[in-house]
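Worksheet for the structure shown next.
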Amino acid sequence: MAHFDLTGEENAGTYFAALPGTSGTNFVQHNTTPMKARFFASRDEVAGCHPSRWIYELINNSFTVCDLFDRARAQSAEFDSPYTWDHPHKLVINGNQSYSTSSAQIVSSICLDCHFHFVFKMAWDEDHTSGLCHHSQAAWPLQDNMFPWHHLAWAGSASPGNMASDYSKYNPLLARENFVCTAAPCTFQITLEISQPRMPSWWVKLLLDHEAIRHELDVAREQDPGRYEGATDEWAYQTPLNLNTYLKNQLESTAETVRSISKRNKRFAVLFGPRCFSIFRELEFQEKIEDNNGVDEGSFTPRPAAPSAGPLGTTEINTYRAYLEDVRAEVQCLIHKAGQAAEKPTFCTPMLHGVLQCAEVKDVESNALVGTDRYKLLGVLPSQGREIVVNAYKRQWDLLPSSRKELIDALLNVANDAQDDLLIEYAVTQSSVYESQPRQQAVADDGGTVLQSLAYFGLTPPNNYPAEAIIRAFRKKLVDDPADASTARSVLMMIASESQDDHYQANLLMEADQKMSLETAKHVIGLNDSSNIISDAGPATRKKLQQCQKPEARKLYLDALDSIAEHTASPSLKQAAQELAHESESGIGMASADSGAPVDFSLPVGLDNIGNTCYLNSLLQYLFTVKPVRDVVFDYDDLKLGLSEDAIDKRRIGGNKMQMDRGEAVVADAFAQELATLFNTLQKSEKTATRPSQRLANAVLLSTHTLLNSEKAGDRQGSPLPPPLPSRPLPEPAAAFGDGSGDVNMVDFEHRGTAPLDTASLSSTKTLVEHEASPEPSYERVENVAEPDGQMITSTTETSNADDAVMVDGLAPASKPSGDTQVEKPIPTLDSRTADVDMVDAEAPETIDQKVLSALERQKRSSGTDQQDVEEVMGSIINRLQAAIRPSSVDDKTGIQLERLMETFFVTTVNYTKKFHEQKYQHEVSFDRSITAFPAENGPCSLYDALGRNFDQQILEESKLSRYTTIRTLPPILHVLIQRTQSNGSKNGNPVIIPETLYVDRFMDMDHDSPAFQRRVEDWITAKRIADIKTDLAKLEDNPSYLRSLEHYKAPEPLTYAKLSTQDDAPEEVETFDFDGPVEDDFLFISPSKPVVEQEEVPVPKVTGVYETYCQVKQMMEDELTCCEETITVHNEELKEIPYRLHAVICHRGQLMSGHYWVWIRDFQDNVWRWYNDADVKENKDTEEVLRTLSTSGEPYFLCYVRDGDKDKYVNVPKREQPLQPEPGPEPEPVPELVPELVPEGMSPPESASPEPEKLVDGGVREMLTPPPEPAA
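Below, the structure written as structure tokens:
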């Protein structure tokens, strides 16, 4: 073996004989991105790989770590594709969608065989471009501060909510996976998006149905032999060629140059014809039908695609143009498979290797070693160079601390495979150094603790087990005995505490945490590697909960689901965990639930969650306690607007006087009736909770546009329609209430649909007609691909037009665009014998009322992660009710139509603005459902301060404006929205201290010349000064070491003369390493050298009393702060003439677009707070405790205050109606089993004996109540 010459290169031996990260190399910059930060914040160990292996695993559907393809295999049955996807992919560039900029690169591709789309979105921090990995850093031996190649690790999948928001017909996403380069200074990251083929299976079947096309050709020849004289049997194989030409022309056309396709076109009629019309409708071509004696002489006009608006003139993904490019790419794949392409396609795999700065390993798929564990563990491919192997080894060393021994073994084996002497020498040295470290199990177990712990897990002493073996035994124990989880965790921690190896100990301690690792959580609820974790975790947990009796076991299963939700960042799983926790606590659906427990009629009825409706339930419970809302609902017959066209036409809603259409009126009418039914049930139900109807939820949560277009979209997508609903009259409120004994349960009809497709309005069209004796069309492909320098490269293949691609102007004009096909039907004629009308295709059109009411019944909402903002849903409820009732009066000045709801909830605000040089304010009046409060950026604040951020004066320096807001008129009920959405898209979770009584005097409108307004201006200035002082104090307190360093300063004389020092004679500098933030252990600080500069002597005064001065200044600032705060407090104490009492608080826990809602509502009559959490209702009589809870978290979101003097007039909690007691019947015959003593025949019972009292329990079952015994003396 050739030994490495340690003398040949300075310090080279150091790198050989040092484990990764311990060689003491120079400073390494650690750059990060949000994606990279989330990856390293995870506690899981995730392996990475070299880019060439990453490409290999992607192409071959075999990622070592990412479970993308495992999920795909589990969902394969759901894919609508004529081709199997589980094969080595052949990726080619797709359309005009790829480009490169200085901080990003997009590569859009399609698999030539399966037509699945792969989009690679690569990005990096432009400010840290110099820190990107680059092969120019490659050297041997590889130092710790060299990063020649990327090392890509899976950073997780996009959340279902994120995916759902981007899913569309244009971009049917299946997966979005994130990968980051784990090299410390590198900010490179990849987002891989995979989507389904745009052409469903039935398209491909029609396009390739050669027999059907040949039959159509034979029929055409027979019926019109002269016209089809030149047609050949080759036409049967040219449908994809013609469709490719149509799509090319469409992409190149504008609204002015677009060309229609005549249905009578010779080639079109044979190759496509009526059997393929649905394809062109799906492509959003506008269809025109012209019936001429039973022959359709109409046309299809392509919809012009908007010009490319992406970077460098490329096409933006998820647009109509991109959709057309995608379809055309799939058509060209069909052409290639048929051997009709003029040239071979250019594969994009070499481009991927170039972008990722790695070399492709030739014929690697035929190498038997590629799938072995050692290459997977290191993340490399066989036959790659020693520098690549060691680079991957160093990155994996940091990523997999618990597998470092295995990494060294893999390194040795890979070195032996390559027969590389230098690499073998390096691997042997690494192994020797590692083995010289303390053993993992340096355990002194004098008391036999480890022995007993191993026995508990079913392991045989001694403890020579790696951490993974202990963890596997721990997981098995959790599965076998879930109720004993607490003990298992304690035993695992005991084993960890006996170890002297930090990594070994850390691995065990992390598993012992209540927040389980992802693998442990999956084991606990019974998921395996083939499970779809997002869709299967919830049902698996529910099944486990239903099978267990012990609360400790239920807690383990709930903790497991919560941990999975956290690891996957899945809002839907987080929601499922919260709902299952609630069900477990209340016993709903659990094996231990006491279904026979009596109903507590002193508590209000709860509301079951019918699929992500906790926010709606919270609002409905709150509105049920508002008297004006109940009055409107229960008196709806007397107040309703009606559905006459005149009433709808004249109705104007809200301060903006918005007009409504008939669809909105019908939805509003249905909603009011459903709400009346629900409110009646809440008063009369004999159950703990009732279920809101799906019809009510749809009326609130779905827009009228969605309801009206749901059926049309369903038809267009070709989804099967549900059975037609039986016709029925609108229920009258009285009839809807019934006897009040039952709860409302609506049957949901599933209906899947999408939004209607837009159609373009074309000013002029041209018709594409047949032309004889033209050459046959050939394959055409023009693609633009951007190179890394941003230059566009055009690749063109040979083409010629189809024989029916000749322009002729002046033919049939285009019809008016419409989402529906326009058919000219013949006029009905009277039959001479019967005088009856002979109708042709008679079909009664569905009215708007029928469409809306039908959609309310069957439209399916998302019950996964989609949630709506509470304020928006509140607005929807109020708007629906407003639209359902007549106005009670009209304001003479503004023309605003008033009614009970507007008078109850709407606040009038005035927004004042003034330019710096102007004297008078401009103002704008608005009517709002709520006022907004903004939490502090850091730490808690009072509700007054939060409201001040909305109402107080703001100075806009750039616009040279000052502005503020006031309240002109107040409603009896005042809603306050705590705006927790921040500009960066995150949630502000800082607490807002909520007062029981809110005095709004300080925010009221007033005359600008009044003394009160002048004092308000003074308060604004004082508040600004308070904020400035707090900021300055924070700066001083954040840098205490700066003051300590000044204390070390000394000068020999009060005034001396000195010359700028040189490097040699510079005095030793006092270093304060904590001044600029924390210092990492591997950072190397080098004192800057000072230049040798001759300069005239300058005086250097001696500074004394630095710390004393600092203390004095700080005390002065604190005194001024106290004085300012006292001034504002005194002023505000005088402003307490308009009090509002806190009535309800709607709370939210979770992220912005997901989480869980509940509501606290105060019952002023009973002086109690009630907590409504879907079906669960609880009480708390301690107002201070409730307010303290609400004021110390970021959960309160929507506050409901009521004018203090009017609270009894406007709010109360209706009492539940007690069930009627049955009429007393005849005395029942005594049952021996229920009688404690039998009285002998002929004897009367003792006088002291009396019948035992009875009580009625749920379901009408009587049970005997035995009076409690007298207390013992």
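Residues in the sequence shown are numbered consecutively from 6, following this note's numbering.
C-beta: ideal position from N, C-alpha, C; glycine also.
In the three-state reduction of the DSSP assignment, ALA188 falls in the coil class, being assigned neither a helical nor a strand state. If you keep only unbroken beta strand (DSSP E) runs of at least 3 residues inside the region 136 to 187, you get 157 to 162, 178 to 186.
In the three-state DSSP reduction, LYS1220 falls in the coil class, being neither helix nor strand. When rounded, the separation of the alpha-carbon atoms in GLN435 and GLU370 is 30 Å. Secondary structure note for THR244: its alpha helix (DSSP H) is the uninterrupted segment 244 to 257. For VAL912, the uninterrupted beta strand (DSSP E) segment begins and ends at 912 to 920. A Cβ-Cβ contact shorter than 8 Å links VAL912 with LEU975. Counting C-beta pairs closer than 8 Å gives three or more between the region 202 to 219 and the region 238 to 252, which meets the contact rule. If you draw a straight line from the Cα of THR1197 to the Cα of PRO945, it comes to about 8 Å. Taking the CA atoms as reference points, SER623 sits about 19 Å from TYR1215.
Between the C-alpha atoms of GLU473 and TYR439 there is a straight-line separation of about 19 Å. Out of LYS1040, TYR949, SER988, GLU1001, the CA that lies nearest to the CA of ALA1028 is found in TYR949. For ALA128, same chain residues with a beta-carbon under 7 Å away, outside a window of 5 residues either side, are SER108, ALA109, GLN194 in chain order.
Burial is judged here by how many other beta carbons sit within 10 angstroms of a residue's own beta carbon; GLY231 has fewer than 16 and is exposed.
The residue among ASP214, ALA586, LYS1040, ILE853 with its C-alpha nearest the C-alpha of GLU669 is ILE853. Under DSSP, VAL930 takes part in a beta bridge, and its partners are VAL915. Taking the Cα of ALA1180 as reference, the smallest distance to any Cα among ASP613, ASN955, ALA526, GLN583 is reached at ASP613. According to DSSP, residue pairing for GLN291 in a beta bridge involves THR306.
Rounded to whole angstroms, VAL455 and ALA511 show a C-alpha spacing of 17 Å. Under DSSP, no beta-bridge partner is assigned to PHE1008. For ALA236 and ILE340, the gap between their C-alpha atoms comes out near 20 Å. Going by C-alpha positions, THR1002 is about 28 Å away from GLY659. DSSP, read as helix, strand or coil, puts TRP1176 in strand. In this structure, VAL705 sits near ARG885, with a CB-CB distance shorter than 8 Å. Here the alpha carbon of GLY278 sits roughly 55 Å from the alpha carbon of GLN987. For GLN110, DSSP records a beta bridge to SER105, MET127. Between the region 129 to 148 and the region 180 to 196 there are three or more C-beta pairs closer than 8 Å, enough to call the two in contact. The Cβ-Cβ distance between GLN201 and LEU179 falls below 8 Å. The beta-carbon separation of LEU404 and ALA158, rounded to 6 Å, stays under the 8 Å limit for a contact.
Of the other Cβ atoms in all chains shown, fewer than 16 fall within 10 Å of the Cβ of ILE1026; this residue is therefore exposed. The C-alpha of ARG547 lies about 46 Å from the C-alpha of GLY26. Boundaries of the alpha helix (DSSP H) around GLU571: 556 to 573.
In the DSSP assignment, ILE999 falls outside any alpha helix (DSSP H), carrying neither H nor E.
When C-beta atoms of the region 1142 to 1158 are compared with those of the region 1126 to 1134, fewer than three pairs fall below 8 Å, so the two segments do not count as touching. About 20 Å separates the Cβ atoms of PRO609 and ARG1146, ruling out a contact at the 8 Å cut-off. Counting the other CB atoms within 10 Å of its CB gives ASP564 a total of 16 or more, which places it among the buried residues.
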